Structure formats: C-alpha cells, structure tokens
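Those protein sequences? They're chains A and B, same order as listed.
Throughout the first sequence, residue numbering follows my numbering, covering 1 to 180 in sequence.
Throughout the second sequence, residue numbering follows my numbering, covering 181 to 333 in sequence.
Don't be surprised by glycine CBs; every beta carbon is placed ideally from N, CA and C.
Every value quoted in this text rests on a predicted model; they were computed, and no experiment measured them.
Encoded as structure tokens, the structure appears first; notes follow it.
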Amino acid sequence: MVLARAQRGDMQAFADLYRYFGRACFQLALRILGQRQHAEDMVHEVFLKMMDTIRSYRGDAPFGAWLKRLTVNACIDQLRRQRHSGEDDAEAVFANAASADADAAGAVDAGSLLARLPPRARAVVVLHELEGYTHAELAVLFRQSESYSKSVLARALKRLNALVTATPLSAQVLPWPNKI
Amino acid sequence: MAEQDLNLRDILGRLPPSSETAHLSVDLWPRIAAAHLARQHRRRAQRWTAVAFAAAAAFAAVVVVPPWLAKPAAAIDWQARAQALELQLNALSAPSDAGDVVDTELARIDDALQAAYDRGAAANELAPLWKQRSDLLSALLSARQQQVRLTRI
Numbered sequence: 001m002v003l004a005r006a007q008r009g010d011m012q013a014f015a016d017l018y019r020y021f022g023r024a025c026f027q028l029a030l031r032i033l034g035q036r037q038h039a040e041d042m043v044h045e046v047f048l049k050m051m052d053t054i055r056s057y058r059g060d061a062p063f064g065a066w067l068k069r070l071t072v073n074a075c076i077d078q079l080r081r082q083r084h085s086g087e088d089d090a091e092a093v094f095a096n097a098a099s100a101d102a103d104a105a106g107a108v109d110a111g112s113l114l115a116r117l118p119p120r121a122r123a124v125v126v127l128h129e130l131e132g133y134t135h136a137e138l139a140v141l142f143r144q145s146e147s148y149s150k151s152v153l154a155r156a157l158k159r160l161n162a163l164v165t166a167t168p169l170s171a172q173v174l175p176w177p178n179k180i
Numbered sequence: 181m182a183e184q185d186l187n188l189r190d191i192l193g194r195l196p197p198s199s200e201t202a203h204l205s206v207d208l209w210p211r212i213a214a215a216h217l218a219r220q221h222r223r224r225a226q227r228w229t230a231v232a233f234a235a236a237a238a239f240a241a242v243v244v245v246p247p248w249l250a251k252p253a254a255a256i257d258w259q260a261r262a263q264a265l266e267l268q269l270n271a272l273s274a275p276s277d278a279g280d281v282v283d284t285e286l287a288r289i290d291d292a293l294q295a296a297y298d299r300g301a302a303a304n305e306l307a308p309l310w311k312q313r314s315d316l317l318s319a320l321l322s323a324r325q326q327q328v329r330l331t332r333i
C-alpha cells in the first residue's frame, strides 16, 4: 500500500502520491492564489510538509481530504504573509481592486474570472463556493469573524455577477479536459 | 439576483483553469524530492553533530572535568591541632624524666614560629612549622600514653 510505504519514508511512494494528488493540489492552490508560480511554490511547500508529517496521518479522514486541508492551510498562510495593511476589514479587501475590472470584456475562464478578484476575496469565493467551507471554518482559517467572510463573499459574488453579466459567458466557457 | 448567483456558482464549478496554467512544471517533483532529501541529510548531519557533541560533553564530564572541579583537600589547621594536642598533654601527668630532646625540639619550633610571626610570614610559611609542632606533640602524647620515652635518632 502506497500510504504505508510513504509512512516508512519510501521516496517511490512519495512520487506515487505526487502523481495522484499533485495536480489537484496545484489547481486548488492556483484557484486560491491566482498565480501559477505561487501555486507551484505552494505544491512544493505542501508536499515537503506532507513528507515530514505523513507519519502523523492516522487515516481518520481520506488522505486526499487531509492533503487538501494541508494545501488550504498553506495557501491561507501565504495570503496572511502577503497581507497588506487594512485587509482585516472587508471594505479594504476591495479597495485597490477597481482596476481589475478593466478587461472585463475579455475571454472568461475560471482563472481569468477569479483573477479579477483581490487575493483574499478569491480565496473566500473558492473555499466557500467550490470547496464547501462554511463561514465558521473560514473564520478560523482567516482568524477573523464570520461576518468578515460573509461580507467579503457577498461583495465578491456581486462583482463576479457584474462581470458575468457584461460578458457573453456561454460562448466562453471551456469544458473540463477530461470531459472531451 | 438569486438566479444569477446560482448561475455563477454553477459556472465557477464548471470553469476550467486557464489552459496555459493547467499543467504542473515537469521538473517540480524532482525539485521537491531533491529538497526533501537535502533536508533529510541536513537533519541527519545535525543529529550526528548533536550526538558527537553530547559524547564529547560526556567524555569531558567523566575524564576532564573532575580534576578541575574536585575540591582541594581540606586544609588541615595544624595550629588548632597542635593546640589541642598540647591540652591533652597537659592533662596527662608528665613523667619525671620528661625528655630534654622533646623540650629542645619544641623550643626550636616555637622559636621558628615566633620569628615567622615577627616578620609577618604568610600562612603557607607558618603551616609547616605548626605541622612540625603538631607531629612532635602527637608523638609525645603517644609516648606518654604508652609510657615510653622519646629519643632522637
């Protein structure tokens, strides 16, 4: 079993885990962080941490969920490190993001749509809307109140709605590669 | 608005990432593996360093430190000892033929002590004289207790 071998420090088992989960980890990080380089750095960091801590994995939850949790936590830590002053306030999260709407008429895919949100707003949208995190969980992750993530989410969705309304979206949506 | 929200969530759920960012760099895993192995080597080296340091510390504790840490042998107060012996001697009745040799020797030591005190001699110069006096009194006490006479060879 791959996990058992990985827990013994087998490098080939780690390589197998990377092959199974690396891309999912990368795409989640990319959606949250919005930049390819940052997302790859996050995969690097998450897998190093996974290799250090896999012995503490008891199998209480599926391994994929455990790794996803590691990824989300690492991404939020990264956002915290990048935090600009005043971003603890939901209003300030959007304060400098007006220019992001400039090319709203361009092609829309998940990356470009989410990229038009400020980093923290993007993280809240991805985690709440796509990953199913509750506001209570987001409050813990961001070390903020629940009303903070609710407020950020409401503003982010409003902004995305405006973008979608202004863009002929149905013609722009690209299918998932594995559905071709 | 509610319909738009649902639409947006549905769209977000189905939207792929940009095609240019869909794939990981092919060299990412080799870099991660190399970093992991480097960290392992570094930790192993740190562990060995710690073990070597602990061993060196243990060696020093066992072999090197004790002579330095050992307390110097307690200095014998020869003066107090000589005075105590003299009190014991005085308590014994002196034999009629108390040896002149002993008296002469005691007198010589006492003269030396007096001279040393007169010139303000240091303790390390006085201690041997007090030791001589103490040894002599001890021998005399022992002789009197055994009722033998001390002679000088």
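**Study point:** Exposed unless 16 or more other CB atoms sit within 10 angstroms - verdict on F26/A
**Key:** Counting other Cβ atoms within 10 Å of its Cβ, F26/A reaches 16 or more and is therefore classed as buried.
Check your understanding: Q12/A to R159/A, Cα distance in whole Å?
Key -> Distance between the alpha carbons of Q12/A and R159/A is about 45 Å.
Review point. From R224/B, H203/B, A319/B, A215/B, pick the residue whose C-alpha is nearest to that of L265/B; which is it?
Key: The residue with the shortest Cα to Cα distance from L265/B is A319/B.
Review point. By DSSP, does L204/B sit in helix, in strand, or in coil?
Key: Under the three-state reduction of DSSP output, L204/B falls in the coil class, being neither helix nor strand.
Check your understanding: How is the alpha helix (DSSP H) around Q312/B delimited, first residue to last?
Key -> Boundaries of the alpha helix (DSSP H) harbouring Q312/B: 303 to 326, taken from the DSSP string.
Review point. What whole-angstrom Cβ distance do C75/A and L33/A have, given they're in contact under 8 Å?
Key: Their Cβ separation, rounded to whole angstroms, is 6 Å, which keeps C75/A and L33/A in contact under 8 Å.
Exercise for review: Below 8 Å between beta carbons is the criterion; list the residues of the region 207 to 219 of chain B that meet it against any residue of chain A, in chain order.
Suggested key: Taking 8 Å as the Cβ-Cβ cut-off against chain A, the residues of the region 207 to 219 of chain B that qualify are L208, W209, R211, I212, A213, A215, H216, L217, R219.
**Study point:** Within chain B, the residues that L79/A reaches when beta carbons sit closer than 8 Å
**Key:** Simply none; closest approach about 18 Å.
**Study point:** Assumed close pair L48/A, R116/A - CB separation to whole angstroms, cut-off 8 Å
**Key:** The C-beta distance from L48/A to R116/A rounds to 31 Å, too long to fall under 8 Å, and the pair is not in contact.
**Study point:** Through-space distance from R122/A to G64/A, alpha-carbon basis
**Key:** Looking at the backbone, the Cα of G64/A and that of R122/A are separated by about 22 Å.
Review point. Within this structure, are the beta carbons of L114/A and V124/A separated by less than 8 Å?
Key: Against a cut-off of 8 Å, the Cβ pair of V124/A and L114/A comes out as no contact.
Check your understanding: Do L204/B and R23/A have their C-beta atoms closer together than 8 Å?
Key -> Going by C-beta atoms, L204/B is nearer than 8 Å to R23/A.
Practice item. Check whether the region 307 to 316 of chain B touches the region 288 to 295 of chain B, taking contact to mean three or more Cβ pairs, one atom from each stretch, closer than 8 Å. Key: In this structure the region 307 to 316 of chain B lies against the region 288 to 295 of chain B, because at least three pairs of beta carbons, one per stretch, are closer than 8 Å.
Point to revise | Stretch pair the region 291 to 300 of chain B + the region 230 to 244 of chain B: three plus CB contacts closer than 8 Å | key: Counting Cβ pairs under 8 Å, fewer than three are found: no touch.
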